[in-house]
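Number of protein chains: 2
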Amino acid sequence: MMPVTKDLIEAARGLIPADTVFKNARVFNPFTCVWEKGDLAVKDGRVLGIGDYAGSVERDFSGLYIVPGLIDAHVHIESSLLAPKEYARLVALHGTTTVIADPHEIANVAGTRGLEFMLGEREGALVDIRYMLPSCVPATPLDVGGATLDARDLARFAGRDGVLGLGEMMNFPGVLAGDAEVAGKLALFPVRDGHAPFLTGRDLNAYILAGPDSDHECTNRAEAEEKLKKGMYIFIREGSTEHNIAELIPLVNPATVSRCCFATDDCHADLLLHDGHIDRCIRKAIACGLAPELAIRMATLSAAERFGLTDRGALTPGRRADFCIIDDPHRFVVQQVFRAAREIPAGPPTKPASLHTRVRCVPPTIRDLQIQGHGMARVIGLVPHQILTESLQYEIRENAVPDRDRDILKVVVCNRYGNNKWGIGLVHGFGFRQGAIACSISHDAHNIVAAGASDAGICSTIEAVIGAGGAMAAVAGPSVVVLPLDCAGLMSTLPYDEVARRLGQLREVTKTMGGIDDPFMYLSFLALTVIPALRITDRGVFDAAEFRDVPLFVDSKENV
Amino acid sequence: MMPVTKDLIEAARGLIPADTVFKNARVFNPFTCVWEKGDLAVKDGRVLGIGDYAGSVERDFSGLYIVPGLIDAHVHIESSLLAPKEYARLVALHGTTTVIADPHEIANVAGTRGLEFMLGEREGALVDIRYMLPSCVPATPLDVGGATLDARDLARFAGRDGVLGLGEMMNFPGVLAGDAEVAGKLALFPVRDGHAPFLTGRDLNAYILAGPDSDHECTNRAEAEEKLKKGMYIFIREGSTEHNIAELIPLVNPATVSRCCFATDDCHADLLLHDGHIDRCIRKAIACGLAPELAIRMATLSAAERFGLTDRGALTPGRRADFCIIDDPHRFVVQQVFRAAREIPAGPPTKPASLHTRVRCVPPTIRDLQIQGHGMARVIGLVPHQILTESLQYEIRENAVPDRDRDILKVVVCNRYGNNKWGIGLVHGFGFRQGAIACSISHDAHNIVAAGASDAGICSTIEAVIGAGGAMAAVAGPSVVVLPLDCAGLMSTLPYDEVARRLGQLREVTKTMGGIDDPFMYLSFLALTVIPALRITDRGVFDAAEFRDVPLFVDSKENV
Numbered sequence: 004m005m006p007v008t009k010d011l012i013e014a015a016r017g018l019i020p021a022d023t024v025f026k027n028a029r030v031f032n033p034f035t036c037v038w039e040k041g042d043l044a045v046k047d048g049r050v051l052g053i054g055d056y057a058g059s060v061e062r063d064f065s066g067l068y069i070v071p072g073l074i075d076a077h078v079h080i081e082s083s084l085l086a087p088k089e090y091a092r093l094v095a096l097h098g099t100t101t102v103i104a105d106p107h108e109i110a111n112v113a114g115t116r117g118l119e120f121m122l123g124e125r126e127g128a129l130v131d132i133r134y135m136l137p138s139c140v141p142a143t144p145l146d147v148g149g150a151t152l153d154a155r156d157l158a159r160f161a162g163r164d165g166v167l168g169l170g171e172m173m174n175f176p177g178v179l180a181g182d183a184e185v186a187g188k189l190a191l192f193p194v195r196d197g198h199a200p201f202l203t204g205r206d207l208n209a210y211i212l213a214g215p216d217s218d219h220e221c222t223n224r225a226e227a228e229e230k231l232k233k234g235m236y237i238f239i240r241e242g243s244t245e246h247n248i249a250e251l252i253p254l255v256n257p258a259t260v261s262r263c264c265f266a267t268d269d270c271h272a273d274l275l276l277h278d279g280h281i282d283r284c285i286r287k288a289i290a291c292g293l294a295p296e297l298a299i300r301m302a303t304l305s306a307a308e309r310f311g312l313t314d315r316g317a318l319t320p321g322r323r324a325d326f327c328i329i330d331d332p333h334r335f336v337v338q339q340v341f342r343a344a345r346e347i348p349a350g351p352p353t354k355p356a357s358l359h360t361r362v363r364c365v366p367p368t369i370r371d372l373q374i375q376g377h378g379m380a381r382v383i384g385l386v387p388h389q390i391l392t393e394s395l396q397y398e399i400r401e402n403a404v405p406d407r408d409r410d411i412l413k414v415v416v417c418n419r420y421g422n423n424k425w426g427i428g429l430v431h432g433f434g435f436r437q438g439a440i441a442c443s444i445s446h447d448a449h450n451i452v453a454a455g456a457s458d459a460g461i462c463s464t465i466e467a468v469i470g471a472g473g474a475m476a477a478v479a480g481p482s483v484v485v486l487p488l489d490c491a492g493l494m495s496t497l498p499y500d501e502v503a504r505r506l507g508q509l510r511e512v513t514k515t516m517g518g519i520d521d522p523f524m525y526l527s528f529l530a531l532t533v534i535p536a537l538r539i540t541d542r543g544v545f546d547a548a549e550f551r552d553v554p555l556f557v558d559s560k561e562n563v
Numbered sequence: 004m005m006p007v008t009k010d011l012i013e014a015a016r017g018l019i020p021a022d023t024v025f026k027n028a029r030v031f032n033p034f035t036c037v038w039e040k041g042d043l044a045v046k047d048g049r050v051l052g053i054g055d056y057a058g059s060v061e062r063d064f065s066g067l068y069i070v071p072g073l074i075d076a077h078v079h080i081e082s083s084l085l086a087p088k089e090y091a092r093l094v095a096l097h098g099t100t101t102v103i104a105d106p107h108e109i110a111n112v113a114g115t116r117g118l119e120f121m122l123g124e125r126e127g128a129l130v131d132i133r134y135m136l137p138s139c140v141p142a143t144p145l146d147v148g149g150a151t152l153d154a155r156d157l158a159r160f161a162g163r164d165g166v167l168g169l170g171e172m173m174n175f176p177g178v179l180a181g182d183a184e185v186a187g188k189l190a191l192f193p194v195r196d197g198h199a200p201f202l203t204g205r206d207l208n209a210y211i212l213a214g215p216d217s218d219h220e221c222t223n224r225a226e227a228e229e230k231l232k233k234g235m236y237i238f239i240r241e242g243s244t245e246h247n248i249a250e251l252i253p254l255v256n257p258a259t260v261s262r263c264c265f266a267t268d269d270c271h272a273d274l275l276l277h278d279g280h281i282d283r284c285i286r287k288a289i290a291c292g293l294a295p296e297l298a299i300r301m302a303t304l305s306a307a308e309r310f311g312l313t314d315r316g317a318l319t320p321g322r323r324a325d326f327c328i329i330d331d332p333h334r335f336v337v338q339q340v341f342r343a344a345r346e347i348p349a350g351p352p353t354k355p356a357s358l359h360t361r362v363r364c365v366p367p368t369i370r371d372l373q374i375q376g377h378g379m380a381r382v383i384g385l386v387p388h389q390i391l392t393e394s395l396q397y398e399i400r401e402n403a404v405p406d407r408d409r410d411i412l413k414v415v416v417c418n419r420y421g422n423n424k425w426g427i428g429l430v431h432g433f434g435f436r437q438g439a440i441a442c443s444i445s446h447d448a449h450n451i452v453a454a455g456a457s458d459a460g461i462c463s464t465i466e467a468v469i470g471a472g473g474a475m476a477a478v479a480g481p482s483v484v485v486l487p488l489d490c491a492g493l494m495s496t497l498p499y500d501e502v503a504r505r506l507g508q509l510r511e512v513t514k515t516m517g518g519i520d521d522p523f524m525y526l527s528f529l530a531l532t533v534i535p536a537l538r539i540t541d542r543g544v545f546d547a548a549e550f551r552d553v554p555l556f557v558d559s560k561e562n563v
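This is the structure we're talking about:
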């Protein structure tokens, strides 16, 4: 509860002037889903009310529409590649005033130190960042990164300012098995986000019974409708790679809107910069036929209610004066943004704080990358627009990879946490004719992963990533292009426009390599052992179906 | 959060049988406001889900409709005249499984001892009784009853099982003045019910800003719409005397239904017995044109959400298996009720517990009731169907009251808390030709109040009330008819059907007295000093407009 002063009460009564009155605006009311014409009075960053008010400052907002500050119900800030304060500076310009973030990536790298860093970044950020604590670090017992967070670790964060609950419970097998550690985590918080793609019927019932009551992983309408009916809040996701609005928005109507929110989950800086954030979701939903009023309700009060944030989501007396200004509800282009009644200026960036994590990694040499042996080999097959892979097999001759004709390239994972291991595998589907890419974003352990049509390129991009303390790197000519991810090897401390520019440069390089679009996206998921079928880790090839390490060559008894 | 066992998870998955499966029913889904056909499985009093389940017991519910247990968002149990467990036994038969009660009346009589009694009555009651703590005891500084509850007293109950928040904040002048004691009470709880009849505009803004975010006092549509828009939950009330559904129900639509609930506030046992409880509200709302699905949503999930009760309000996995059975949503007649999956039997009553409070009162004699003096006198004028009164003046001769021709009768208030005071006034409007009535329900101090056309009748009914340890009593012939209110002088420990029978007897007696209908209702509010214009207290006549005690005779310097 926010404190109530006598001054605020007197100002609400009109006995003393408001700080500012925004006159003649149309204010969105999410309780009735109608626009209310009137003068919005604010004081001390709070709403006094709509009514007949005089203010120390009075601004004429004739013809303008005031919308409560937009809320992202589920996001991994790390995916933007921006450090939290810079991320906030970017999304604030798009009308967002609150994000509910799950710092899952940095927790895999730096554990509680990562959580403390993210909590510390709330101070002074241009949007209010609230956290759901990562429930699955590491993602699996085999997917070992920089840290393990058990229920006792998480319990220490319960009740901390900025902590709202437990983040997406991805370990649904653990939930369904009644695993004690999983149950212990669920018992810590009353607000628990779910993650249950394709779970249905009785298993979905059991998952919900165990505690999680939201889901942002719905990709088809029947799935979302079942979850909605079973009492889950549905976060309709529109990220850089996942686009669910078109499929799911027909589920939203006046009777269901209070249980539906928007989430961006994973969005790169360039998408945020050029296309927007939750404002983009609203525009997309309207384009798909949803009434603007319902889309705005989703992005405001529905998200606030889901997380018990009774101090926002509407511009009613006592709530935070977080809002944005548009001139046309159907176009929904944000013109100005106010947080706690103060306009957010489009000022220059300040260098954001960084969590330095040493990349403790011995780079492999070209010699190290030589594949000894020959015969039938396991090859990871990329699947277009999917993070899952196929398990392929090809006859391989000694020292015959890269094999550009058959598109069989090397993929390497180097442990970044100091155990000096690396694993080499083969991958089909990148289509590179030359060059290599490497990055320190590699779900969920975030080791360094590289792939390429050139051993020298693989080595030089890995070295560039290590040298930058984490990075995305690509090489196709004489020089390596690098986007440094100096904050935990996941995020950049560069300004967002510079990050977007470097992403553009990387895209230029990968285009000249002659392969698929967005190769970094595929690369960053190749080490994720929970997704079928074949993966690569710092131990070598991993069969996700059998859930065990396997040798590169089918007939071999050992791993390479 | 309710505990989750491995057994429950396994049963939800279908790996072990459910306790009971209710097959082929139509189950109301408040998240979508549609009826879902299927088999509802339950175990350990919890819902497993709707789906393909086998149960140790399977019951065919073909043709029947299952509705989540009904919730009363605001009620004073004391007004039923039934002790809490007997009240629960009665409303449970009507499909109610949860009531949100404000034990305001008993708190005025017995303070924290009264609250402890009410909390103790939760154990073993047939419905789940949750309490909002009375915020205004006494109602005004002048309206002194048996106790005062300040913020420190209430703070001791915060966090107690069964305590949800702060009850209706009636002291809106205190809220608007920024009174520290009022602010202290509001700061204790995040959930705070309001009470702000006719408050509008900027003052309403200030009231909401200060904390209360619900209201059950709306009597006209514009008032309710303003409060709804300003973020208040609207509890639409249908009590024994207040009937607001017809006026307010047009406000309810799919976009607003999540913010609207039903409340009964004050309902006598006979109305509950004969006409029903929240089921009656649903029928009335349907009769007024609301879709049954929206009415049921109000009575279930909307109320549960308002009070943060995430374990009920819907029949989704993990929630309490509280539900009732109907055979026609439009008729909405409750056939069976299940609480925690067990059918509530229509069994015989058990003697409910009682809070004994000694009525410490010396009854006035006939001689004491003589009015000394003559001249122009103040007379309380009843207003039909209102609890407010008019301030009248009549020329009175010595010893000439009761004056049946001019309908000027005596009204007496005897302090019941041992200060031996009584006050005598005059009242116009009862119309009694003979007899008298008295009762120990007298808002909010609950002294003994009596009025009648016979001094002997006044004395004998007061004596009967004292003798019973609190009662409603009426006399018009040789014998006094009594409904004992032996529980704190407010509630009866008789079975509900006997209470209803005695209420009928009392009504028979008052009919023969030849006056207005429902005289006890008017009588019980005559001492309420916060309502205009003229009232009577144990100190004598009270002018509510001037907010001071006044003499009976206009020209007198002193009170009688």
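Residue numbers (my numbering), protein chains in the order written: chain A, 4 to 563; chain B, 4 to 563. Glycine included, C-beta positions come from ideal geometry on N, C-alpha and C. Treat the numbers as computed from the prediction; the structure is a model and nothing was measured.
Contacts of residue i in chain B (Cβ-Cβ under 9 Å)
i        : result
Thr259/A : Phe34, Thr35, Cys36, Pro257
Glu39/A  : Lys232
Gly52/A  : Gly204, Arg205, Leu207, Asn208, Ala209, Ile211, Leu212, Lys233
Where residue i falls: helix, strand or coil (DSSP)
i        : result
Gly114/B : helix
Arg400/A : coil
Cys490/A : strand
Ile12/A  : helix
Ala317/A : coil
Ser261/A : helix
Cys139/A : coil
Thr540/B : strand
Lys354/A : coil
His79/B  : coil
Within chain B, partners of residue i - CB distance below 7 Å
i       : result
Arg16/A : Leu179, Arg205, Asp206, Ala209
Residue i: contacting residues in chain A (beta-carbon distance under 9 Å)
i        : result
Val7/B   : Gly181, Ala186, Leu189, Ala190, Leu212, Ala213, Gly214
Gly170/B : Ordered by position in chain A, no residue passes the 9 Å Cβ test against Gly170/B, which lies about 17 Å from the chain.
Proximal residues of chain A, C-beta to C-beta of residue i below 7 Å
i       : result
Gly58/B : Chain A residues near Gly58/B: none, gap ~13 Å exceeds 7 Å.
Under 8 Å by beta carbon: chain B residues contacting residue i
i        : result
Leu372/A : Going along chain B, no residue has its Cβ under 8 Å from Leu372/A, so there is no contact; the nearest lies around 47 Å.
Gly66/A  : Under the 8 Å cutoff, chain B gives no residues; its nearest Cβ is about 22 Å from Gly66/A.
Neighbour flag for residue i against chain B, beta carbons, 8 Å
i        : result
Arg342/A : no
Ile19/A  : no
Met516/A : no
Ala317/A : yes
Per-residue contacts from residue i into chain A (C-beta, under 8 Å)
i       : result
Leu93/B : By Cβ distance, chain A contributes nothing, its closest Cβ being about 30 Å from Leu93/B, past 8 Å.
Which whole runs of the alpha helix (DSSP H) in the region 208 to 251 of chain B are 4 residues long or more, in chain order? Taken in chain order, the unbroken stretches of alpha helix (DSSP H) that lie wholly in the region 208 to 251 of chain B and span 4 residues or more are 224 to 232, 248 to 251.
Residues in the region 383 to 394 of chain B with C-beta within 7 Å of chain A's C-beta atoms, listed in sequence order? Against chain A - using a Cβ distance shorter than 7 Å - the region 383 to 394 of chain B contributes no residues.
Please identify, using Cβ separations under 7 Å, the residues of the region 444 to 461 of chain A that lie next to chain B, in order along the chain. Under the 7 Å Cβ criterion, the region 444 to 461 of chain A contributes no residue.
Go through the region 118 to 206 of chain B residue by residue and report every complete run of the alpha helix (DSSP H) that reaches 4 residues or more, in order. Inside the region 118 to 206 of chain B, DSSP marks whole alpha helix (DSSP H) runs of 4 or more residues at positions 154 to 158, 175 to 179, 183 to 189, from first to last along the chain.
Would you mind listing the beta strand (DSSP E) stretches within the region 328 to 396 of chain B that are 3+ residues and don't spill past its ends, in chain order? The qualifying runs are 337 to 342, 378 to 385.
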